[in-house]
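The opening residue of the sequence shown carries number 83 in my numbering; numbering runs sequentially from there. C-beta: ideal position from N, C-alpha, C; glycine also. Predicted, not measured: the structure shown is a model, and the values here were computed from it. Some notes on the structure that comes next.
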Amino acid sequence: NINHMKNQQAQLQKKLREENEKKKILETGIQHGQLKIKKLQQKTEQQEKILKLKNEEIAAFKKRNSTGAPQQLQKLEEKRKCLDEELEKILHQHQELAALEEDLKRREAIILKKETLMQEKSHLEIKKLRSSQALNEDSLKLSTRLSMLDQELCDKNKQLQRSATDEQGKIFEEVQALQKERDQLLKRRNSVDEKLKNGRVLSAEEEHVLFQLEEGIETLEAAIAYKNESIQNHQNSIRVSSQILTQSEASVMGKLVSLSATELRAILLKYFNKVVRLRESEHKLQVQSEELRMRAMEQENITRELELALEHLMLQCDRRLTFQQ
């Protein structure tokens, strides 16, 4: 029966690992989709900012007629290319800032979760310590009572040897009662000492919860260390590119001011079309992200059910093994 339960446990663990792998793949897909959406949103906002130039700024541009000569077309294309490069620098800076903000939020959430687990662990450890102290007190009381019983038995045995025949029966019954009490107390003390020796002062379920809390805290500490490194990298990148960002924005405005009305209309038309394409791509990615999120939720429910089933099976095994011992 125990072998069958062990086989069930092994199968559940295998299935749980498979479900966790599927869950990781889905979560990775969701993260990639969300990152793409965020990048598209940032690009869209920046492009819309360019498209919404004030009318007075556009009116201030120098009016020049376009002859359509190849040299002018080439010059216009070079200006477009320069603008694209400057805009990419600005977008990259905004992406770094957004990523830094997201990492800070996630680290804060991880720290809060770790603090919660630490409180639960501390509660169990305090309970374990108090249980250990209580068992030590019980062991001391039992040892004291056993010493008293040993002395009483010694006195009764001496009394039995000196007593008359008609009194020996009564004294013998008293000796037997004392011996029975001594055996029971000795058994209890041995059980208490065994628990103290093995550190099994909590129930099997509580020990299992304590183990899970320790594992969870270690995992969260690793996640916090990873987030700290990621945050440091983002901060370094932002610090290095902060001056470049200011120069890039000034360069963009300078190039726009130098354009003719015809060139400006061509540039705005190009970016308008680009914004439309970005909006379409953003919508598609949002739909895909929502589908992945739903699949991840289903996968998480399956994983949770398997974990509960595995935990229930392990507790049953522990109880049966304890009963057999």
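- Query: At which residues does the alpha helix (DSSP H) containing S273 begin and terminate?
  - Reply: T247 to N280
- Taking one C-beta from the stretch 231-246 and one from the stretch 274-293 each time, how about it: are there three or more such pairs within less than 8 Å? Note that the stretch 231-246 does not touch the stretch 274-293; fewer than 3 beta-carbon pairs, one per stretch, sit closer than 8 Å.
- So what's S285 in DSSP terms, helix, strand or just coil? Under the three-state reduction of DSSP, S285 is assigned to coil, being neither helix nor strand.
- Message: Would L224 and R271 qualify as a contact pair, given that the criterion is a beta-carbon distance under 8 Å?
- Response: Taking 8 Å as the Cβ cut-off, L224 and R271 qualify as a contacting pair.
- Find out if the Cβ-Cβ distance for the pair R188, K106 is shorter than 8 Å. no
- Message: Less than 7 Å between C-beta atoms, sequence neighbours within five positions excluded: which residues of the same chain meet that for L182?
- Response: So the list reads I313, H316, Q317 and I320, once near-sequence residues are dropped.
- Item | With 16 other Cβ atoms within 10 Å as the buried cut-off, status of V283 | buried
- Within 10 angstroms of its Cβ, does Q381 collect 16 or more other Cβ (buried), or is it exposed? buried
- Query: So is Q124 buried or exposed if we call it buried at 16+ other beta carbons inside 10 Å?
  - Reply: buried
- How long is the line joining the alpha carbons of L408 and E303, rounded to whole angstroms? Any question about residue 408 goes unanswered here, given that the chain covers just 83 to 407.
- Query: Exposed or buried, L295, counting other C-beta atoms within 10 Å across all chains shown (16 or more means buried)?
  - Reply: buried
- Message: Taking 8 Å as the threshold (C-beta atoms), are I299 and K196 in contact?
- Response: Yes.
- Task: Rounded to whole angstroms, what's the CA-CA distance from E184 to R359? Just pull it up for me.
- Result: Taking the straight line joining both Cα atoms gives about 26 Å.
- Run the CB neighbour count on E178, radius 10 Å, all protein chains shown included, and call it buried at 16 or more, exposed below. Buried, since its Cβ has 16 or more Cβ neighbours within 10 Å.
- Task: Rounded to whole angstroms, what's the CA-CA distance from S273 to A180? Just pull it up for me.
- Result: 60 Å
- Are any of the Cβ atoms in chain D nearer than 8 Å to that of N272? Here there is only one protein chain, and chain D is not present.
- Task: Below 8 Å on the Cβ atoms is my guess for A305 versus I192; work out the distance and round it to an integer in Å.
- Result: Rounded, the Cβ-Cβ distance is 5 Å, consistent with contact.
- Message: Could you compute how far the alpha carbon of I208 sits from the alpha carbon of E297?
- Response: 18 Å
- Query: How big is the Cα-Cα spacing for D275 and L267?
  - Reply: 12 Å
- Message: Within a Cβ cutoff of 8 Å, which residues of the same chain sit near L231, ignoring the five residues on either side of it in sequence?
- Response: Here L231 has L260, E263, R264 and L267 as same chain residues with Cβ atoms under 8 Å from its own Cβ, once five neighbours each way along the sequence are excluded.
- Query: Hey, out of R375, L374, R99 and K163, whose CA is closest to K352's CA?
  - Reply: K163
- With burial defined as no fewer than 16 other Cβ atoms inside 10 Å of the residue's Cβ, what is the status of S204: buried or exposed? exposed
- Message: Is it buried or exposed, A246, if we count other Cβ atoms within 10 angstroms and call 16 or more buried?
- Response: exposed
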